[in-house]
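Participant: Below is one structure. I have some questions about it.
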Amino acid sequence: MEKFTLEILFHIIGIGSASGLFFKDNSLFVIGDNSGFLYEYHINSQDLKRHPLIEKSSENILKKDKPDFEAMTAFQDTLYVFGSGSTSKRNSMVEFDLEQKKKIKTNNLVNLYEVMQNFASIKPEEFNLEGAVHDGENWYFFNRGNGISNKNTLFSFHAKKLDQDFSLLSNDYKLPKIKGVRTSFTDGILVDNKLYFLAAAEDTQSTYDDGEVLGSIIGRIDLETMKIDFTKKISATHKFEGITFFKKENNKIEFLLCEDKDTEILETTIYKLSLNLK
Numbered sequence: 002m003e004k005f006t007l008e009i010l011f012h013i014i015g016i017g018s019a020s021g022l023f024f025k026d027n028s029l030f031v032i033g034d035n036s037g038f039l040y041e042y043h044i045n046s047q048d049l050k051r052h053p054l055i056e057k058s059s060e061n062i063l064k065k066d067k068p069d070f071e072a073m074t075a076f077q078d079t080l081y082v083f084g085s086g087s088t089s090k091r092n093s094m095v096e097f098d099l100e101q102k103k104k105i106k107t108n109n110l111v112n113l114y115e116v117m118q119n120f121a122s123i124k125p126e127e128f129n130l131e132g133a134v135h136d137g138e139n140w141y142f143f144n145r146g147n148g149i150s151n152k153n154t155l156f157s158f159h160a161k162k163l164d165q166d167f168s169l170l171s172n173d174y175k176l177p178k179i180k181g182v183r184t185s186f187t188d189g190i191l192v193d194n195k196l197y198f199l200a201a202a203e204d205t206q207s208t209y210d211d212g213e214v215l216g217s218i219i220g221r222i223d224l225e226t227m228k229i230d231f232t233k234k235i236s237a238t239h240k241f242e243g244i245t246f247f248k249k250e251n252n253k254i255e256f257l258l259c260e261d262k263d264t265e266i267l268e269t270t271i272y273k274l275s276l277n278l279k
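First residue of the sequence shown: 2, per the working numbering; consecutive thereafter.
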């Protein structure tokens with residue numbers, strides 16, 4: 002797993018602070034943590050559509066008011082978009098129908114987020130969900146450990162829906178450092194019973210305030226053992242916050258990545274990361 006390539010695939014004008022993405026049928030669905038929209042970008046035609054996820058959706062919402070959509074996952078024809086839970090205004094989960102291309106409903110997850118915090122002994126000010134995965138039977142959530150305690154926690158729910166009874170597990174991980182700063186989860190995706198994750202090093206001890214970006218890694222967790230298979234530094238300058246599966250062939254797996262530049266500029270670069278599986 003030592004060899005990898007990282008290349009710019011294309012730029013999208015009209016999306017800023019990209020924090021999550023999902024690839025399907027040659028279209029890319031993107032969320033931004035400053036925005037109230039779900040963006041749908043058709044790669045061939047370069048057409049960009051905006052789907053409102055909140056009332057009075059806009060780009061570059063003030064930090065204190067934003068829903069902070071940081072995590073996104075899909076199962077069958079439903080896309081699930083999650084607020085980070087890092088403030089009281091960031092507890093929403095929006096369900097979006099990928100066939101009808103419209104919002105189905107919004108759920109308030111404040112009670113669930115409190116259960117997660119209590120279960121894993123995470124203080125409210127250090128709770129910051131940045132990745133979500135759903136396979137129809139289980140949910141996985143990545144808490145970004147960019148607070149003082151560095152609580153990089155993977156939550157595992159066994160439930161088809163989050164409003165049903167569930168069993169809950171949590172695992173804490175000590176991720177590698179870059180330039181002396183511990184990396185922290187920024188997204189994850191499930192491929193062949195393995196969770197591939199992104200983590201970034203940002204020189205801050207706050208889930209709210211940004212810091213100097215020192216780079217990003219990719220890693221993989223085996224769901225049978227819940228242990229990390231490998232980690233690999235993929236950049237010394239980018240804070241990658243979104244990953245989606247692109248293709249897999251000939252012992253090589255490819256992902257699409259997006260980064261959060263923490264600016265108000267409405268431009269996003271999509272990268273392709275290729276990993277050798279041998």
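Ideal placement from N, C-alpha and C gives every residue a C-beta, glycine not left out.
So, is residue 216 buried or exposed, given that buried needs 16 or more other C-beta atoms within 10 angstroms?
Facilitator: By the 10 Å Cβ count, residue 216 comes out buried.
Participant: Please state the DSSP three-state secondary structure of residue 53.
Facilitator: strand
Participant: If you draw a straight line from the alpha carbon of residue 178 to that of residue 187, how long is it in whole angstroms?
Facilitator: 15 Å
Participant: Do you know offhand how far residue 34's Cα is from residue 212's?
Facilitator: 16 Å
Participant: Based on Cα-Cα distance, which residue from 10, 4 and 6 lies nearest to residue 272?
Facilitator: 10
Participant: I need the DSSP call for residue 160, collapsed to helix, strand or coil.
Facilitator: coil
Participant: What do you get for residue 120, buried or exposed, if any count of 16 or more other CB atoms within 10 angstroms of its CB means buried?
Facilitator: exposed
Participant: So is residue 164 buried or exposed if we call it buried at 16+ other beta carbons inside 10 Å?
Facilitator: Per the 10 Å Cβ criterion, exposed.
Participant: Can you tell me the Cα-Cα spacing of residue 200 and residue 61, whole angstroms?
Facilitator: 24 Å
Participant: Is residue 121 helix, strand or coil by DSSP?
Facilitator: helix
Participant: Identify every residue that forms a DSSP beta bridge with residue 202.
Facilitator: 216
Participant: Jot down the residue ranges of each uninterrupted alpha helix (DSSP H) in the stretch 132 to 156, minimum 4 residues, whole runs only, in chain order.
Facilitator: none
Participant: As a quick exercise: from 196, 151 and 161, pick the residue whose alpha carbon is nearest that of residue 175.
Facilitator: 151
Participant: Kindly identify the DSSP beta-bridge partner or partners of residue 226.
Facilitator: BP columns for residue 226 are empty, so no partner.
Participant: Excluding five sequence neighbours on each side, which residues of the same chain lie with their C-beta closer than 8 Å to the C-beta of residue 1?
Facilitator: No information on residue 1 is available, as it lies outside the stretch 2 to 279 that the chain covers here.
Participant: Taking the alpha-carbon positions, what's the residue 1 to residue 122 distance?
Facilitator: Residue 1 is absent from the structure shown; the chain starts at 2 and stops at 279.
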